[in-house]
Amino acid sequence: MTRVFEELDATRTGREAQDLKDKLEQLIVGQDEAIQQIVDVYQMFLAGMNSPDRPVGSFLFLGPTGSGKTRIVEATAESLLSNARAVIKIDCAEFQHSHEIAKLIGSPPGYLGHRETHPLLSQEVLNQYHTDKLKLSFVLFDEIEKASDALWNLLLGILDKATLTLGDNRRVDFSRTMVFLTSNLGASQISSILKPNLGFEAYAVSRETEIGSFSADLSGKIARAAVDAARRRFTPEFMNRLDKIVVFQPLGREQLRRIVEIELRLLQQRIFTSVGPHYFVFQTTPEARQHLLEQGTDVKYGARHLRRAIERLVVQPLSNLIATGQLRGGDLIEIDLDPRYNRLVFYKRAEELRPEIMAEMTGITLAPPQVVASGASVEGVRPSTARSGRRA
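This is the structure in structure tokens:
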């Protein structure tokens, strides 16, 4: 035996967990605590240090609507399994009555529907997204406060023993599952905190809300409001079984500005995957992005209002251009703001872009299209003959 005396750094993050953190930080804005909690649990899972008799991790995400509670779960699945839909999502609004629990676990023997409907939480459903590299499941109970007490009681066994007994007495193992619960409890109290009526406090809070960076005192008030609301709604027995309770901070204008960039990039990825061989590239000017931010900023609704603005002001017009033949595969579209009418305008800046040029311009990998417009052999870009008098 060789004796050594070496101080170890117990705060370091492993490579795989750090990769997850980096990916989440590219997709999620303003929720550093939630990201770190997920990364910590994932690193514990990779090290084999998580309890075999409990889920890998159980999280209760609190906070106002549009702050990213559901999105971070999808982003975790996307980062680890390359599929944002690899989340078993349970909409708790569908389980407001105790008898509806049968949809989750199946009807017991002797009851109508036994063996006729497949339970939503069977082992097969839980394992459907497992890969050879990673056998990990993600289950999301969305808006848990809307569910009946029967669902909460069902969760007690899952959170405590990582098992669920179905109606036909089969057992489901949740020991390789991350369980997420989301809730908007406390949202009205948080809204009141962020909108004081009078005096210097109103100015200070308004400024912090604008930049999306809250002081320790204000963050503490927001967290206490959400957690206190959850404690009033759920039993101590239920709250005590949760591993992590995270309060999502409301998003400020500067954070929404970053979300504009993320959403536009996701839209470009969507074009490359859903439009097929006729994909194209679009670019937005700073003025256009500022217009989207102004149209999509609403503290009450968070990032969801911003996404709706992008769908209305960018996606719908692009769809119209495709449907009317004004936009074709290989085109480069510039989206700018017309200050005279305060609206977005669309210009074709180039056409017949080769796939490798589009990939280089966007930084997004794409497969070469099967159908290429005539003249595709032209090197690089052919300037559009429909160029307007505006700047190139």
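Each position in the sequence shown, counted from 1, maps to that position plus 816 in this note's numbering. Even for Gly, the Cβ is constructed at its ideal location relative to N, Cα and C. Bear in mind the structure is a predicted one, so any value in this text is a computation, not a measurement.
Query raised in the report: Is glutamine 817 helix, strand or coil when you go by DSSP?
Result: To locate residue 817, count along the sequence shown from 1; it is residue 1. Here the sequence assigns methionine to residue 817, which means glutamine is not the residue at that position. Three-state DSSP puts methionine 817 in coil, outside helix and strand.
Requested in this report: Determine, using beta carbons only, whether glycine 973 and leucine 878 come nearer to each other than 8 Å.
Outcome: Locating residue 973 in the sequence shown gives position 157, counting from the first residue. Locating residue 878 in the sequence shown gives position 62, counting from the first residue. Cβ atoms of glycine 973 and leucine 878: not closer than 8 Å.
Query - glutamine 1099, enclosing beta strand (DSSP E) - first and last residue - result: To locate residue 1099, count along the sequence shown from 1; it is residue 283. Note, glutamine 1099: beta strand (DSSP E), 1097-1100.
**Report entry** Same chain, Cβ closer than 6 Å to leucine 956, five either side skipped, listed in chain order
**Finding:** Here residue 956 refers to the residue found at position 140 when the sequence shown is read from its first residue. Here the set comprises Val889, Val903, Lys905 and Phe996.
Query - Sequence-distant residues of its chain with Cβ nearer than 7 Å to leucine 862 (five each side left out) - result: For this step, residue 862 is matched to residue 46 along the sequence shown. Excluding positions up to five away in sequence, the list reads Gly830, Glu832 and Ala833.
Report task. Spell out a yes or no on whether the region 1162-1177 and the region 1106-1114 are touching, meaning 3 or more CB-CB pairs, one atom from each, closer than 8 Å. Result -> Fewer than three beta-carbon pairs drawn from the region 1162-1177 and the region 1106-1114 are found closer than 8 Å, and the two stretches are therefore not classed as touching.
Requested in this report: Determine the extent of the beta strand (DSSP E) in which glycine 994 is found, giving its start and end residues.
Outcome: Counting from 1 along the sequence shown, the entry for residue 994 is found at position 178. Checking the sequence shown, residue 994 turns out to be methionine, not glycine. Segment 993-999, the beta strand (DSSP E) holding methionine 994.
**Report entry** At least three beta-carbon pairs within less than 8 Å, the region 892-901 to the region 938-950
**Finding:** yes
Query raised in the report: Is alanine 826 helix, strand or coil by DSSP?
Result: Within the sequence shown, numbered from 1, the residue matching residue 826 stands at position 10. The answer is coil: DSSP assigns alanine 826 none of H, G, I, E or B.
Query raised in the report: Counting along the chain, where does the beta strand (DSSP E) carrying serine 967 start and finish?
Result: On the sequence shown, position 151 is the one that residue 967 refers to. According to the sequence shown, residue 967 is leucine rather than serine. Counting along the chain, leucine 967 falls outside any beta strand (DSSP E), though it belongs to the alpha helix (DSSP H) covering 965-977.
Query raised in the report: Cα separation between lysine 977 and lysine 837?
Result: If you number the sequence shown from 1, residue 977 lands on position 161. If you number the sequence shown from 1, residue 837 lands on position 21. When rounded, the distance between both Cα atoms is 28 Å.
Requested in this report: From the DSSP output, read off the bridge partner residues of phenylalanine 877.
Outcome: Residue 877 sits at position 61 when you count from the first residue of the sequence shown. Answer is Thr998 and Val1062.
Query raised in the report: Rounded to the nearest angstrom, how far is the Cβ of leucine 952 from that of leucine 937, given a contact under 8 Å?
Result: As a first step, residue 952 must be located in the sequence shown, where it is residue number 136. As a first step, residue 937 must be located in the sequence shown, where it is residue number 121. Not confirmed; about 16 Å, so no contact.
**Report entry** Rounded straight-line distance, which links the Cα of methionine 860 to that of tryptophan 968
**Finding:** Taking the first residue of the sequence shown as position 1, residue 968 is located at position 152. Taking the first residue of the sequence shown as position 1, residue 860 is located at position 44. Distance between the alpha carbons of tryptophan 968 and methionine 860 is about 26 Å.
Report task. Pick out whichever of Phe990, Ala966 and Lys949 has its Cα sitting closest to the Cα of glutamine 939. Result -> Translated into the one-based positions of the sequence shown, residue 939 becomes position 123. Per the Cα distances, Phe990.
Requested in this report: Go ahead and pull the three-state DSSP assignment for aspartate 869.
Outcome: Your numbering for residue 869 matches position 53 in the sequence shown. In this structure, aspartate 869 counts as coil in the three-state DSSP scheme.
Query raised in the report: Would you report the Cα separation of aspartate 1044 and glutamate 961, rounded to the nearest angstrom?
Result: Position 228 of the sequence shown, counted from the start, is the residue given in the question as residue 1044. Position 145 of the sequence shown, counted from the start, is the residue given in the question as residue 961. Approximately 14 Å, taken between the alpha carbons.
Query raised in the report: With distances taken from CA atoms, which of Thr1101, Arg1069 and Arg1156 is nearest histidine 1213?
Result: For the chain, the structure presents residues 817 to 1208; residue 1213 sits outside this window and is missing.
Query raised in the report: Should the region 1143-1157 be regarded as contacting the region 1166-1178, the criterion being three or more beta carbon pairs within less than 8 Å?
Result: Touching, yes.
Report task. List the endpoints of the continuous alpha helix (DSSP H) containing valine 1043. Result -> Here residue 1043 corresponds to residue number 227 of the sequence shown, with the count starting at 1. Element bounds for valine 1043: 1032-1049.
Query raised in the report: Which residue comes first and which comes last in the alpha helix (DSSP H) that contains arginine 1073?
Result: The sequence position of residue 1073 within the sequence shown is 257, counting from 1. Its alpha helix (DSSP H) spans residues 1069-1090.
Query raised in the report: DSSP state of serine 953, grouped into three classes?
Result: Position 137 of the sequence shown, counted from the start, is the residue given in the question as residue 953. DSSP places serine 953 in strand when its eight states are reduced to three.
Requested in this report: With DSSP as the reference, please indicate the residues paired to aspartate 989 in a beta bridge.
Outcome: One-based indexing of the sequence shown puts residue 989 at position 173. Beta-bridge pairing links aspartate 989 to Thr979.
Query raised in the report: In whole angstroms, what is the alpha-carbon distance linking leucine 840 and alanine 850?
Result: On the sequence shown, position 24 is the one that residue 840 refers to. On the sequence shown, position 34 is the one that residue 850 refers to. Using only the alpha carbons, I get a separation of about 10 Å.
Requested in this report: Measuring alpha carbon to alpha carbon, tell me which of Pro868, Leu970, Gln1142 and Arg870 ends up nearest alanine 918.
Outcome: Locating residue 918 in the sequence shown gives position 102, counting from the first residue. Per the Cα distances, Leu970.
Report task. Quick one: residues in its chain with C-beta nearer than 6 Å to the C-beta of leucine 1058, no 5 flanking neighbours on either side, listed in chain order? Result -> Within the sequence shown, residue 1058 is the residue found at index 242, counting from 1. Within the same chain, leucine 1058 has close Cβ partners Ser874 and Leu876.
Query - Beta-carbon proximity of aspartate 965 to cysteine 908, cut-off 8 Å - result: In the sequence shown, counting from the first residue as 1, residue 965 sits at position 149. In the sequence shown, counting from the first residue as 1, residue 908 sits at position 92. Not a contact, by the Cβ cut-off of 8 Å.
**Report entry** Cβ-based neighbour list, arginine 1170, same chain, cut-off 6 Å, excluding 5 preceding and 5 following
**Finding:** Taking the first residue of the sequence shown as position 1, residue 1170 is located at position 354. Taken in chain order, the list of residues that qualify is empty.
Report task. Take glutamate 910 and list the residues in its own chain whose beta-carbon comes closer than 8 Å to its own, dropping the five residues that flank it on each side. Result -> In the sequence shown, counting from the first residue as 1, residue 910 sits at position 94. Counting only Cβ-Cβ distances below 8 Å, and skipping sequence neighbours, we find Glu916 and Lys919.
Report task. Might you give, ordered along the chain, the residues of its own chain that have their beta carbon closer than 7 Å to the beta carbon of alanine 1039, omitting 5 neighbours on each side? Result -> As a working mapping, residue 1039 is identified with position 223 in the sequence shown. Val1063.
**Report entry** Separation of proline 1052 from glutamate 1017, as counted between CA atoms
**Finding:** Walking along the sequence shown from the start, residue 1017 turns up at place 201. Walking along the sequence shown from the start, residue 1052 turns up at place 236. Note that glutamate 1017 scores 45 on pLDDT, short of 50, meaning its location in the model is unreliable and no value can be drawn from it.
Query raised in the report: DSSP three-state call for lysine 905: helix, strand or coil?
Result: The residue you call residue 905 lines up with position 89 of the sequence shown. For lysine 905, the three-state secondary structure derived from DSSP is strand.
Query - Bridge partners - valine 1161, DSSP secondary structure assignment - result: Looking up residue 1161 in the sequence shown gives position 345. Its beta-bridge partners are Asp1152.
Query - Residues near arginine 1074 by beta carbon distance below 7 Å, same chain, minus five either side - result: On the sequence shown, position 258 is the one that residue 1074 refers to. Once the five neighbours on either side are set aside, the close Cβ partners of arginine 1074 are Val845.
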